[in-house]
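Report on the structure given below.
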Amino acid sequence: MITSENTDKRATNLYKPSDIEGKWQKIWEDDNLYNTDEQSSNKEKFYALSMFPYPSGNLHMGHVRNYVITDLIARFQRFQGKEVLHPMGWDAFGLPAENAAIERGINPDKWTKQNIAHMKSQLKLLGLSVDWDREFATCDENYYVWTQFLFLELHKAGLVYQKESEVNWDPIDNTVLANEQVDSEGKSWRSGAIVEKKLLTQWFLKITDYAEELLQDLEKLNEWPERVKIMQENWIGKSIGANINFKIKEFKKKKIQVFTTRPDTLFGVTYLAISVNHPLIKKISDNKILSKLENLKIYLQESKDKDQKKIGIPTNLIAINPINSKEIPIWIASYVLDEYGTGAVMGVPAHDERDFEFAKINSIDIKQVIIKDKDKSTSELTNAFTDNGFLINSNNFDGLNNSDAKKYISEHGERNGWAENKIQFRLRDWLISRQRYWGCPIPIIKCTNCGSVPVNKKDIPVKLPNEIKISSNKINSLGSNQSWINTTCPKCGNLASRETDTMDTFMCSSWYFLRYPSSKSLTKPFEKEKINKWLPVDQYVGGVEHAILHLLYARFLTKALRDNNLFDIDEPFKRLLTKVWFNLQLIKIQ
Ligand SMILES: [Zn+2]
Numbered sequence: 098m099i100t101s102e103n104t105d106k107r108a109t110n111l112y113k114p115s116d117i118e119g120k121w122q123k124i125w126e127d128d129n130l131y132n133t134d135e136q137s138s139n140k141e142k143f144y145a146l147s148m149f150p151y152p153s154g155n156l157h158m159g160h161v162r163n164y165v166i167t168d169l170i171a172r173f174q175r176f177q178g179k180e181v182l183h184p185m186g187w188d189a190f191g192l193p194a195e196n197a198a199i200e201r202g203i204n205p206d207k208w209t210k211q212n213i214a215h216m217k218s219q220l221k222l223l224g225l226s227v228d229w230d231r232e233f234a235t236c237d238e239n240y241y242v243w244t245q246f247l248f249l250e251l252h253k254a255g256l257v258y259q260k261e262s263e264v265n266w267d268p269i270d271n272t273v274l275a276n277e278q279v280d281s282e283g284k285s286w287r288s289g290a291i292v293e294k295k296l297l298t299q300w301f302l303k304i305t306d307y308a309e310e311l312l313q314d315l316e317k318l319n320e321w322p323e324r325v326k327i328m329q330e331n332w333i334g335k336s337i338g339a340n341i342n343f344k345i346k347e348f349k350k351k352k353i354q355v356f357t358t359r360p361d362t363l364f365g366v367t368y369l370a371i372s373v374n375h376p377l378i379k380k381i382s383d384n385k386i387l388s389k390l391e392n393l394k395i396y397l398q399e400s401k402d403k404d405q406k407k408i409g410i411p412t413n414l415i416a417i418n419p420i421n422s423k424e425i426p427i428w429i430a431s432y433v434l435d436e437y438g439t440g441a442v443m444g445v446p447a448h449d450e451r452d453f454e455f456a457k458i459n460s461i462d463i464k465q466v467i468i469k470d471k472d473k474s475t476s477e478l479t480n481a482f483t484d485n486g487f488l489i490n491s492n493n494f495d496g497l498n499n500s501d502a503k504k505y506i507s508e509h510g511e512r513n514g515w516a517e518n519k520i521q522f523r524l525r526d527w528l529i530s531r532q533r534y535w536g537c538p539i540p541i542i543k544c545t546n547c548g549s550v551p552v553n554k555k556d557i558p559v560k561l562p563n564e565i566k567i568s569s570n571k572i573n574s575l576g577s578n579q580s581w582i583n584t585t586c587p588k589c590g591n592l593a594s595r596e597t598d599t600m601d602t603f604m605c606s607s608w609y610f611l612r613y614p615s616s617k618s619l620t621k622p623f624e625k626e627k628i629n630k631w632l633p634v635d636q637y638v639g640g641v642e643h644a645i646l647h648l649l650y651a652r653f654l655t656k657a658l659r660d661n662n663l664f665d666i667d668e669p670f671k672r673l674l675t676k677v678w679f680n681l682q683l684i685k686i687q
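If you use my numbering, the sequence shown corresponds to residues 98 to 687, in order.
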């Protein structure tokens, strides 16, 4: 299969046994051995890429496993006669470096660069066929200037905004975490600390504008592992359903809106459940209820696994089911989240497992409205019935199959003004603000006249100040560095101050693969022609722990930059390998 024409000099250097002595030295000293030769553009291209490492100290076997696979693929493609791009860089900003620097009492910049030098020498000992000429670290000024540039591009496109919101606060790392960085037990993905809630003004990227495309385009990724696509699909979480308005008996002008994917079960609603922060709670004056509510809030703060217990507090309020005017009780329930939808859900115990459990615990009525077999009579349910079937106890809708009933009941509600069709996503906007030092500064200036003003492109990079103070658990944030903060407003020229948040490190890693084809450029983040030539990455290799965070952000950024006319590709990674194991028996090097 391998002919003399396509066995290039690099391969010969490596594999001729008689040459090996003395050659290894050359291989790890010679930076140019595997440089991609851009001249031979008539060859078919192949872009092989490993997820780049955090320079946290030493290379470990996890790194080796990853990089050896990509290296094998890169070599194989070279033997096939292709022009291969196989670069390497460093995901160098972020908490691992900052925390390690704090422990050792040295500047994270110095510490990071020492680690890069050491880990690079280790990678070279492995003899990887990496094009070291294209190497960069995300903490290099000539890289993060372009991270800031891309932030400004997103700002221009209306995809950046600021909002005060309740955020996930990691009390050990002293920073905010994105939802994706909090695990199912409510712990920080990095420090393992129980995450707290805090109110802060934060910067967000509107990834939700791309929810539909991020979902639809998963279909194009037919060389991705199925389970990664399923994880992304679940994370985006599209649901098709309806918003339904319930009137409140006690307050004629107030309504509770719920989102449901099951309008077909509306006759089976036996309670409404609202979250502990729902606006209606302000209307409750009963002290007994309020003190129970306080206890529940404390429990939710401290609870490790919020799904374990279904705690309910009955309010003395009554809602009216719009389809049959039935009066139903309103409960405060531990399982209703503020973030998702409207902070209120309709309880249909007969046809939802969680509602069934909640109704049993709290002695709430259970009313069956769907039955498997039209002709059979109903008996008491021992579990929620969640299959498809036919409607019963539903007035004019009796006998319909339930998927038709979804449509008819929504339409009936729309006609009568209490329902509207709604598509909802679980995906939230991407919170990128971090209150830490070792990150890419957000290029925004805060002016009392003009508000938050983007830094002019000619004035980037906004550089990180070199002088820092290190205390027991943190490096002084940018907020305490007056000479760095004070500046003038780009719009009105008045005295103003710099934004002191830095960007989530996932922002730095969400575009690095676009940089390699033109990593030397001092005038732009990447050259459009080179992106169109080299991208998408033909083979991407990395850990499955990045199935949602990194891979979803990278897909989003690619689409957003495409829409700013920076290049023409829709997806960054054609083929993905996350199952990082292989059988050594399969690889025989003669
Ligand atoms: Zn101004």
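Glycine residues also receive a C-beta, built at the ideal position from the N, C-alpha and C atoms.
Would you mind sorting Arg201 into buried or exposed? The rule is 16 or more other CB atoms within 10 Å of its CB.
So Arg201 ends up on the exposed side.
Which residues in the same chain have their Cβ closer than 7 Å to the Cβ of Cys547, if we skip the five residues on either side of it in sequence?
Counting only Cβ-Cβ distances below 7 Å, and skipping sequence neighbours, we find Cys586, Lys588, Cys589.
Can you check which of these residues, Gln299, Ile166, Gln465, is closest to Val227 by C-alpha distance?
Of Gln299, Ile166, Gln465, the residue nearest in Cα terms is Ile166.
Does the stretch 265-284 touch the stretch 292-303, meaning 3 or more C-beta pairs lie closer than 8 Å?
Note that the stretch 292-303 touches the stretch 265-284; at least 3 beta-carbon pairs, one per stretch, sit closer than 8 Å.
Where do the N-terminal and C-terminal ends of the beta strand (DSSP E) with Arg595 fall, by residue?
The continuous beta strand (DSSP E) containing Arg595 extends over residues 592-595.
Would you check whether ligand 1 has a heavy atom nearer than 7 Å to the C-beta of Lys588?
Taking 7 Å as the cut-off, the C-beta of Lys588 counts as close to a heavy atom of ligand 1.
Own chain, CB closer than 7 Å to Pro426, minus 5 neighbours either side, in chain order:
Excluding positions up to five away in sequence, the list reads Tyr368, Pro411, Ile415.
Is Lys543 helix, strand or coil when you go by DSSP?
If DSSP states are grouped into helix, strand and coil, Lys543 belongs with the strands.
Is DSSP giving Lys332 helix, strand or coil here?
For the sequence presented, residue 332 should be read as Trp rather than Lys. Correct three-state label for Trp332: helix.
Measuring CA to CA, which of Ile408, Val638, Ile381, Trp332 is closest to Leu649?
Of Ile408, Val638, Ile381, Trp332, the smallest CA-CA separation from Leu649 is found for Trp332.
Just to confirm my understanding: we take Glu261, look at its own chain, exclude 5 residues before and 5 after, and list those with CB closer than 8 Å. What are they?
Correct list, in chain order: Leu296, Leu297, Thr298, Gln299.
Closer than 7 Å: is that where the CB of Asn591 sits relative to any heavy atom of ligand 1?
Correct: Asn591 has its Cβ closer than 7 Å to ligand 1.
Does DSSP put Ile572 in a helix, in a strand, or in coil?
Under the three-state reduction of DSSP, Ile572 is assigned to strand.
Can you tell me the Cα-Cα spacing of Phe482 and Ser460, whole angstroms?
Distance between the alpha carbons of Phe482 and Ser460 is about 18 Å.
What does Asp267 pair with, by DSSP beta-bridge criteria?
Partner(s): Thr272.
Of the listed residues Ala339, Thr675, Asn661, nearest to Ala254 (C-alpha basis):
Distance check between Ala254 and each of Ala339, Thr675, Asn661 places Asn661 closest, using alpha-carbon atoms only.
Do Ile557 and Val242 have their C-beta atoms closer together than 8 Å?
Yes, they are a contact pair.
Given that a residue counts as buried once 16 or more other Cβ atoms are within 10 Å of its Cβ, and exposed if not, what is Phe364?
Under the 10 Å beta carbon count, Phe364 is surrounded by 16 or more other beta carbons and is classified as buried.
Please determine if the stretch 600-613 and the stretch 524-536 are in contact, where contact requires at least 3 C-beta pairs separated by less than 8 Å.
In this structure the stretch 600-613 touches the stretch 524-536; the number of beta carbon pairs closer than 8 Å is three or more.
Does DSSP classify Met185 as helix, strand or coil?
Correct three-state label for Met185: coil.
Span of the alpha helix (DSSP H) holding Leu222?
From DSSP, the alpha helix (DSSP H) with Leu222 extends over 205-222.
Find the nearest neighbour of Ile689 within the set Arg612, Phe356, Ser616, judged by alpha-carbon distance.
The question about residue 689 has no answer here: the residues shown for the chain are numbered 98 through 687.
Work out the CA separation of Thr584 and Val559 for me, nearest whole Å.
Each residue's Cα considered, the two are about 11 Å apart.
Asn546 Cβ short of 7 Å to ligand 1 heavy atom set:
Annotation for Asn546 indicates a beta carbon within 7 Å of some heavy atom of ligand 1.
Whole angstroms are fine: how far does the CA of Asn132 sit from the CA of Glu118?
Residue placement at Glu118 is flagged as unreliable, the pLDDT there being 49, under the threshold of 50; the coordinate-derived value follows with that caveat. Those two C-alpha atoms are separated by around 23 Å.
Which one or two residues does DSSP pair with Phe301 in a beta bridge?
Looking at the DSSP assignment, Phe301 forms a beta bridge with Tyr258, Leu528.
Are there 16 or more other CB atoms within 10 angstroms of the CB of Asn458, so buried, or fewer, so exposed?
A small fix is needed here, since residue 458 is Ile in this sequence, not Asn. Exposed, since its Cβ has fewer than 16 Cβ neighbours within 10 Å.
Which of the three DSSP states is assigned to Thr675 in this structure?
DSSP, read as helix, strand or coil, puts Thr675 in coil.
Would Ile506 pass as a contact of Ile417 if the rule is Cβ separation under 8 Å?
The answer is no: Cβ separation not under 8 Å.
Among the candidates Phe301, Gln532, Lys349, Glu330, whose CA atom is the shortest distance from the CA of Asp314?
Closest by alpha carbon: Glu330.
Residue nearest to Gly338 in terms of C-alpha spacing, selected from Lys504, Glu391, Pro562
The alpha carbon of Gly338 has as its nearest neighbour, out of Lys504, Glu391, Pro562, the alpha carbon of Lys504.
Report the three-state DSSP secondary structure of Phe670 (helix, strand or coil).
In the three-state DSSP reduction, Phe670 falls in the strand class (E or B).
Candidates Ile199, Ser606, His215: which alpha carbon is nearest Ile565's?
For the residues Ile199, Ser606, His215, the minimum Cα distance to Ile565 belongs to Ile199.
How is the beta strand (DSSP E) around Ala171 delimited, first residue to last?
Run containing Ala171: none in the beta strand (DSSP E); it sits in the alpha helix (DSSP H), 158-176.
Quick check: is any heavy atom of ligand 1 less than 7 Å from the C-beta of Val552?
Look at Val552: its beta carbon is at least 7 Å from all of the heavy atoms in ligand 1.
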